[in-house]
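Colleague: What follows is a single structure, and I will ask about it in a moment.
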Amino acid sequence: MIVLNEQSIGNEPRWDKSSIITMGSSVPLIVEVTSTNWGDNYALKLEAYESMGIQEYWIVDYLGLGGRRFIGNPKQPTFSIYQLIDSEYQIKQFRGEERIESPTFPELNLTAQQVFAKGN
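In structure tokens:
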């Protein structure tokens, strides 16, 4: 899922013809839900979004599929929020009944478990 900044879309040179985003300022948030290709979310996409300047990136790993270096040991369902600070992502992770804290949505009032339960 991608959240777009309406005010910035007008500055996107390829938006009108191709719906292509090239500037991170147009995208305040991207959300990925992991599957068997979890490595793409934790490595390839994370690096790409960071270099583009996407301010916030969520990885919803509702089955705990990610590698131990990404979600810890023992592996468990993990909601990861990457926030861009000084051009580098800083991560906060949430599990179980921990309340999710999002810089983009500070009013969000959900726990990781509530999000994971919606997928079942």
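Under the working numbering, the first residue of the sequence shown is numbered -2, with each subsequent residue one higher. Every residue gets a Cβ at the ideal spot worked out from N, C-alpha and C, and that includes glycine. These figures come from a predicted structure and were not determined experimentally.
Quick check: the Cα distance between L62 and V112, rounded to an integer number of angstroms?
Modeller: To locate residue 62, count along the sequence shown from 1; it is residue 65. To locate residue 112, count along the sequence shown from 1; it is residue 115. In a straight line, the C-alpha of L62 is about 16 Å away from that of V112.
Colleague: Mind checking Q52: buried by the 16 CB within 10 Å criterion, or exposed?
Modeller: In the sequence shown, the residue the question calls residue 52 occupies position 55. Q52 is buried by the Cβ-count criterion.
Colleague: With a 10 Å radius around its C-beta and 16 neighbouring C-beta atoms as the bar for buried, classify P176 as buried or exposed.
Modeller: The shown model of the chain, from -2 to 117, leaves out residue 176, and the question about it has no answer.
Colleague: Bridge partners of L81, per DSSP?
Modeller: As a working mapping, residue 81 is identified with position 84 in the sequence shown. Bridge partners of L81: Y86.
Colleague: Pull up the CB-CB distance for T31 and V57, whole angstroms please, since I reckon it's below 8 Å.
Modeller: As a working mapping, residue 31 is identified with position 34 in the sequence shown. As a working mapping, residue 57 is identified with position 60 in the sequence shown. Sure, about 7 Å apart at Cβ, within 8 Å.
Colleague: According to DSSP, is I51 part of a helix, a strand, or is it coil?
Modeller: Residue 51 sits at position 54 when you count from the first residue of the sequence shown. Three-state DSSP puts I51 in coil, outside helix and strand.
Colleague: Tell me the DSSP bridge mates of V57?
Modeller: In the sequence shown, the residue the question calls residue 57 occupies position 60. V30 and F76.
Colleague: L26: buried (16+ other C-beta within 10 angstroms of its C-beta) or exposed?
Modeller: Taking the first residue of the sequence shown as position 1, residue 26 is located at position 29. L26 comes out buried.
Colleague: Could you round the C-beta distance between E95 and A109 to whole angstroms and report it? I think they count as a contact, below 8 Å.
Modeller: In the sequence shown, the residue the question calls residue 95 occupies position 98. In the sequence shown, the residue the question calls residue 109 occupies position 112. With a Cβ gap of about 6 Å, E95 and A109 count as contacting.
Colleague: Starting from T101, follow its DSSP beta bridges and name the residues at the other end.
Modeller: Residue numbering aside, residue 101 sits at position 104 when the sequence shown is read from its first letter. Beta-bridge pairing links T101 to no other residue.
Colleague: Could you tell me the alpha carbon to alpha carbon distance between P74 and V24, rounded to whole angstroms?
Modeller: Residue 74 sits at position 77 when you count from the first residue of the sequence shown. Residue 24 sits at position 27 when you count from the first residue of the sequence shown. One C-alpha to the other measures close to 26 Å.
Colleague: For Y46, which of W35, E85 and P100 has the nearest alpha-carbon?
Modeller: On the sequence shown, residue 46 is found 49 positions in, with the first residue counted as 1. Checked all of W35, E85 and P100; the closest Cα to Y46 is E85.
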